[in-house]
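In this note's numbering, the protein residues as written are 226 to 416. A virtual CB, placed ideally from N, CA and C, is assigned to each residue, including glycine.
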């Protein structure tokens with residue numbers, strides 16, 4: 226689950242397929258679900274879902290009780306990836322209340338880049354004490370690893386295709402030399 230400011234320029238805005246980001250108002254407890262998760266739960270815009278956060282549990286005389294709340298589905302998004310079956314988006318203040326965070330407490334920042342592979346250099350930068358780096362390579366690594374592999378393979382194929390005519394000419398030249406001399410010194414039979 227992540228919390229966002231509905232009036233921010235969040236990338237999820239361009240992925241909405243039903244409902245809207247503007248419905249995420251503080252204190253209204255509304256969520257955006259990925260279309261895969263909504264289909265799995267058999268819910269639509271306007272339906273209610275219960276969110277439970279075990280990491281924000283309270284200990285009571287009856288035992289450990291997770292933080293939970295009913296939320297209304299305000300919209301559905303589709304990214305075309307595994308995110309659609311895993312990520313729940315709500316208003317940042319509603320997320321903070323469910324997670325039992327103080328009003329001025331942050332659990333992290335979301336950064337957006339044109340090139341997602343720039344995080345390799347950024348992750349090497351020092352962070353303030355108590356902070357740790359967590360990025361898509363840990364959270365959604367399979368998707369981007371596949372993209373990187375595809376990118377590398379395309380580069381290899383394009384590189385080979387541009388060098389292939391030179392290799393063919395070299396092979397023909399070598400073959401012609403061999404045919405004209407009938408044998409090359411390194412191919413001479415033993416006497």
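According to DSSP, simplified to helix, strand and coil, what is residue 268?
Per DSSP, reduced to three states, the secondary structure at residue 268 is coil, with no helix or strand assignment.
Please state the DSSP three-state secondary structure of residue 255.
DSSP, reduced to helix, strand and coil, places residue 255 within a strand of the structure shown.
From the beta carbon of residue 262, is the nearest beta carbon of chain D less than 7 Å away?
Going by chain labels, chain D is absent from the structure shown, which holds only one protein chain.
Enumerate in chain order the residues of its own chain whose CB-to-CB distance from residue 319 is below 6 Å, with the five nearest sequence positions on each side excluded.
Sequence-distant Cβ neighbours of residue 319 in its own chain, meaning closer than 6 Å and more than five residues away, are 254.
Ends of the beta strand (DSSP E) at residue 281?
It spans 273 to 285 - the beta strand (DSSP E) in which residue 281 sits, taken as one unbroken run.
In this structure, how does DSSP classify residue 293 when only helix, strand and coil are distinguished?
Looking at residue 293 - three-state DSSP - the assignment turns out to be strand.
Per-residue burial, residue 229 [other beta carbons within 10 Å of its own, 16 or more giving buried]:
Under the 10 Å beta carbon count, residue 229 is surrounded by 16 or more other beta carbons and is classified as buried.
One or two residues paired with residue 315 in a DSSP bridge:
Paired residues: 228 and 256.
Might you give, ordered along the chain, the residues of its own chain that have their beta carbon closer than 6 Å to the beta carbon of residue 231, omitting 5 neighbours on each side?
Around residue 231: 246, 247 and 249.
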